[in-house]
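Beneath this line is the structure, given in structure tokens, with notes to follow.
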Amino acid sequence: MSSETTPRRIVVGVDGSERSVAALEWALEEAEAHGGSVKVVTVWDVPSTIFLTPTFTEGDYADRATAALEHALGATGALSRGVPVVAETVMGNGGQTLVEIADGADLLVVAGHGLGHGGVPGAHLGSVAGYCAHHASCPTVIVRG
């Protein structure tokens with residue numbers, strides 16, 4: 221990779237699935253190799269069906285998103301690898317929100333898998349990979365785990 225194409229600011233979406241943990245691992249290795257920083261994001265939403273079966277509250281979905289984010293950070297040792305890491309959970313539409321957050325980034329990294337494979341219901345990090353690849357203003361890497 222030439223210095224002009226070396227990723228410096230990497231955004232990675234995680235949803236608690238093993239594939240998203242692999243995506244975070246890939247992003248961390250890329251940042252380690254090229255001196256970049258990583259922003260780790262779990263996007264979650266409340267399904268429209270929540271009002272039909274109010275088993276889970278909005279807070280439950282937020283808690284699951286936080287747990288998914290913490291799982292990915294812990295599984296990769298992200299906070300102790302010497303790479304600048306910022307992590308957050310964001311309520312919104314998976315693909316659209318990741319694309320907005322990645323605006324101005326050098327690279328967006330997501331897991332490629334089908335909806336429902338993640339640890340967070342409503343996280344939408346499945347079909348989102350295609351959305352990100354088509355709409356992100358930066359290069360997008362889809363990690364297949």
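Here the sequence shown is numbered in this note's numbering, starting from 221 and rising by one per residue. Virtual Cβ for every residue (Gly too), placed ideally from N, Cα, C.
Burial check for residue 294: the Cβ neighbour count within 10 Å stays below 16, so the residue is exposed. Ranking 348, 303 and 279 by CA distance to the CA of residue 319 puts 348 first. Within the model, the alpha-carbon separation for residue 257 versus residue 328 is close to 12 Å.
Spatial neighbours of residue 325 in its own chain (CB-CB distance under 6 Å, excluding positions within 5 residues in sequence) are listed in chain order as 229, 231 and 358. Sequence-distant Cβ neighbours of residue 310 in its own chain, meaning closer than 8 Å and more than five residues away, are 261, 262, 263, 264, 317 and 321. Of the candidates 254, 297, 279 and 259, the residue whose Cα lies closest to the Cα of residue 266 is 279. Sequence-distant partners of residue 352 (beyond 5 residues in either direction) whose C-beta falls short of 7 Å from its own C-beta, in its chain, are 315, 318, 319, 328, 330 and 360. Where residue 315 is concerned, the enclosing alpha helix (DSSP H) starts and stops at 314-321.
The distance from the Cβ of residue 243 to that of residue 363 is about 4 Å, consistent with a contact at the 8 Å cut-off. Looking only at 354, 239 and 298, the smallest Cα-Cα distance to residue 259 is reached by 298. The C-beta of residue 333 has 16 or more other C-beta atoms within 10 Å across all chains shown, which makes the residue buried. DSSP links residue 307 through a beta bridge to 260. The beta carbon of residue 247 is closer than 7 Å to those of 230, 232, 258 and 329 in its chain, skipping five residues each way along the sequence.
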